[in-house]
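One structure is given here, and the rest of the page talks about it.
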Amino acid sequence: MKIVVVGGGAAGLGAAGAAQGASPDAEVVVYTEFEDVAYSPCGIPFVHGKDIESFDNLFLATKEQYVESGIDVHYETTVESIDTGAKTIQVAGEGTVTYDRLIIATGWLYADPGVPGGDLGGLYRVKDIRRAMEWDKVLDQTKKAVIVESGFIAMEMTTALRHRDIEVTLVDPGPWPMSDVADPEIVEPVRKSWEELNVDMQWGNKVTAFRGSGSLTHVETEQGDVEADLAIIGTHKVPNNPLAKDAGIKLGSTGGIIVDAHMQTSAPDVFAAGDCTEIPHGVSNVPLQGLSGSHAYAQGKTAGVNAGGGERQYRPVYVPWGMLAGEWMLGGVSFGETTASALGLEFVTGTANGITRARYYPGVKPITVKLLADPKSRRLIGAQMVGGEGIKERADFLSMMTRTGITVDEIATMENVYSPAIGALNEPIAVAAQNLVSKL
Amino acid sequence: MSFTHWLRSNSEHYLLQDSQARIAKAQGLDGPRAPKSLKDRFWRQIFAPVYRLLPWSVRKRTIQAIPGSHRQDWPEPNYESRKPAI
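Chains as they are written, first to last, in this note's numbering: chain A, 1 to 440; chain B, 1001 to 1086.
Shown next, in the form of structure tokens:
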């Protein structure tokens, strides 16, 4: 059996490894347009910010390791089209290639800002590690930068550029940072920490053009020009799906490929995984696109096992998320107040301000937990948090709580670890749930 | 862009703006920019209030009717399985 994977990111490589595991005799071939596979693009801002010493640290495996494991990776190779009827793909420089099972993992792109000057030099879309290595040298010479919208990677780049002593102007049409995801009081400490870092934040403003002669010199906005020799494009993720669309594979309302729990697409023997797909949300059943690297990898594993003849199901997602922004960690699960209100859900909130260790223990940090519950079922439907530490573990924990349908009454009486160096007497999740229950 | 993609993209964007405006007002913050163009006004001043008036059951049925991954075969949550392990 020949299993072909298009895309060498987390989903593609996860799929290739799982396909080989499920079907050890299968020929597994991966096509990628890039020079590398299996690195952590999410780590790029931290190398730019000098928190991580080298881009080499971001690679998860070497090219030799893939050769040794029997996965045939074709680098810098473009797949031009798919014929699902003939079960072939057209590959630049290779011609027609047949497959028995195909896995599409073509990932995502930044949404086009849709303004003039998009082809100027000096516009940086943080994604590809080789380009990041080149841009890192540019950053040594950069004096002034504009961040265009506060997406996840752009938020991390804001802090990274300030660490490099580059003047930063953040232009975002939203009223507060990450306003399509985060609630204002949750993200307020981040906004304040950027204020302390002298980031010029222009909320409610919009970029209207990039200007310069060959290379960027300034960014035009609705509220005036901003001088800049670099612009970081931080717009939202869109699925990279021209290949699937042209092949007649069905796409959903997000533009992502429609898949079922086996990551099977509308075409026979064609699977898809990662940011090019859409996955139903566990609470609302609304399909979502543009999740995290861990989601992409797990979806890739599911697609790979099934393509290899095994049996694995993926599940609707509750989307635990977290990130470092300024001096703070932000995170959450499923809905925040902004997104729940936008969808028109009924909910009740409960918030607690707590601490992450015993109050007397060195390194203790503040933490705020905000929970949302459905008033009828009393089940958790979402959470948002900001704090100095311990956000990731709580987001993962709350994600499982949401998925298993635990009520806030149960959470309000949860047990928690108390050990001065790692946990306070009162767990802020429990206190937030107690505050929520008192409102029901 | 398909009709459903266009509908999702616009409704999501403007319902989020509507939500941000209500939350900002409640917290005494600056909200999103006021609608200026005809398109902005339609989605913010007509679509969003009408959407909010509809019962959740109607909205849910409408969302369910739109083609997408959510209409494929997915495991249902099993809340009843939470019994003692042994």
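From the three backbone atoms N, C-alpha and C, an ideal C-beta is built for every residue, glycine too.
Of the residues the options, the one placed nearest residue i, counting alpha carbons only
i	options	result
Asp51 of chain A	A:Lys87, A:Lys63, A:Gly95, A:Arg164	A:Arg164
Glu38 of chain A	A:Glu64, A:Val417, A:Glu53, A:His48	The sequence as given places Ala at residue 38 of chain A; Glu does not occur at that position. Nearest of A:Glu64, A:Val417, A:Glu53, A:His48 to Ala38 of chain A, Cα basis: A:Glu64.
Ile104 of chain A	A:Pro189, A:Gln141, A:Asp275	A:Asp275
Ser40 of chain A	A:Ile258, A:Arg394, A:Ala132, A:Leu197	A:Ala132
Asn1078 of chain B	A:Phe34, A:Val226, A:Tyr314, A:Thr404	A:Thr404
Asp56 of chain A	A:Arg359, A:Gly85, A:Ile44	A:Ile44
Ser292 of chain A	A:Gly300, A:Asn285, A:Val286	A:Gly300
Gly49 of chain A	A:Ala273, A:Gly256, A:Gly204, A:Thr158	A:Thr158
Pro1035 of chain B	B:Ala1021, B:Leu1029, B:Val1050	B:Ala1021
Thr339 of chain A	A:Met385, A:Ala182, A:Ser253, A:Val417	A:Ala182
Met449 of chain A	A:Leu216, A:Asn240, A:Met155, A:Ala209	Absent from the model: residue 449 of chain A. The displayed extent of chain A is 1 to 440, so no value can be given.
His295 of chain A	A:His74, A:Asn306, A:Glu278	A:Glu278
Met329 of chain A	A:Thr368, A:Gly117, A:Gly310	A:Thr368
Trp203 of chain A	A:Thr32, A:Ser150, A:Asp172, A:Tyr297	A:Asp172
Trp1056 of chain B	A:Ser341, A:Lys439, A:Asp112	A:Ser341
Ser1011 of chain B	B:Phe1042, B:Arg1071, B:Ala1085	B:Phe1042
Lys137 of chain A	A:Val148, A:Asn285, A:Gly122	A:Gly122
Gly390 of chain A	A:Trp321, A:Met401, A:Gly304	A:Trp321
Any C-beta of chain A under 8 angstroms from that of residue i
i	result
Trp1043 of chain B	no
Ile1066 of chain B	yes
Thr1004 of chain B	yes
Asp1073 of chain B	yes
Arg1059 of chain B	yes
Pro1035 of chain B	no
Residues near residue i in its chain [Cβ-Cβ closer than 8 angstroms; skip 5 each side]
i	result
Ala145 of chain A	Leu161, Ile166, Glu167, Val168, Thr169, Ala228, Asp229, Leu230, Ala231, Ile232
Glu195 of chain A	Met201
Asn241 of chain A	Thr106, Leu251, Gly255, Gly256, Ile257, Cys276
His281 of chain A	Pro287, Leu288, Pro316, Val317, Tyr318, Val319, Ser334
Ala421 of chain A	Arg357, Ala358, Tyr361
Residue i at chain B interface by Cβ criterion, 8 angstroms
i	result
Ile103 of chain A	no
Ile186 of chain A	no
Asp260 of chain A	yes
Gln202 of chain A	no
Gln313 of chain A	yes
Val226 of chain A	no
Val79 of chain A	no
Gly70 of chain A	no
Glu149 of chain A	no
Gly252 of chain A	yes
Per-residue contacts from residue i into chain B (C-beta, under 8 angstroms)
i	result
Ala182 of chain A	Here the premise fails: no neighbours, minimum Cβ distance about 11 angstroms.
Glu64 of chain A	The contacting residues do not exist; Glu64 of chain A stays about 37 angstroms from chain B at best.
Neighbouring residues, chain A, relative to residue i (Cβ below 7 angstroms)
i	result
Gly1031 of chain B	Pro175
Cutoff 6 angstroms; reference residue i; Cβ partners in own chain excluding five residues on either side
i	result
Val29 of chain A	Val4, Asp72
Glu134 of chain A	none
Glu47 of chain A	According to the sequence as given, residue 47 of chain A is Val; it is not Glu. Phe55, listed in sequence order.
Leu102 of chain A	Val4, Val270
Arg191 of chain A	Pro177
Ile89 of chain A	Val79, Ile82, Val97
Under 8 angstroms from the C-beta of residue i: neighbouring residues of chain A
i	result
Leu1016 of chain B	Ser179, Asp180, Thr338, Thr339, Ala342
Ile1023 of chain B	Asp183, Pro184, Glu337, Thr338, Ser341
Ile1063 of chain B	Ser284, Asn285, Val286
7 angstroms Cβ shell around residue i - same chain, five flanking residues per side excluded
i	result
Asp180 of chain A	Gly174
Thr407 of chain A	Arg378, Arg379
Thr1004 of chain B	Ile1066, Pro1067
Asp1018 of chain B	Arg1044, Ala1048
Asp409 of chain A	Arg378, Val437
Cβ distance (whole Å) where residue i is taken to contact residue j below 8 angstroms
i	j	result
Met323 of chain A	Phe152 of chain A	6 angstroms
Lys370 of chain A	Ile186 of chain A	6 angstroms
Thr208 of chain A	Val115 of chain A	6 angstroms
Ala430 of chain A	Asn416 of chain A	6 angstroms
Gly363 of chain A	Ser23 of chain A	Contact flag wrong, Cβ pair sits at about 49 angstroms.
9 angstroms Cβ cut-off: residues of chain B touching residue i
i	result
Gly255 of chain A	Met1001, Ser1002, His1005, Arg1008, Ser1009
Ile89 of chain A	Residues of chain B passing the Cβ test: none, with the nearest at roughly 23 angstroms.
Glu278 of chain A	Gly1068, Ser1069, His1070
Residue i at chain D interface by Cβ criterion, 8 angstroms
i	result
Lys63 of chain A	Among the protein chains in the structure shown, which are A and B, there is no chain D.
Within chain A, the residues that residue i reaches when beta carbons sit closer than 9 angstroms
i	result
Pro1077 of chain B	Gly282, Arg315, Pro316, Arg403, Thr404, Gly405
beta-carbon residue i near the ligand ADP non-hydrogen atom, thresh 7 angstroms
i	result
Lys137 of chain A	With respect to the ligand ADP, the structure shown offers nothing to examine, as it has no ligands at all.
Chain-ordered chain B contacts of residue i [CB-CB under 7 angstroms]
i	result
Pro375 of chain A	Chain B residues near Pro375 of chain A: none, gap ~12 angstroms exceeds 7 angstroms.
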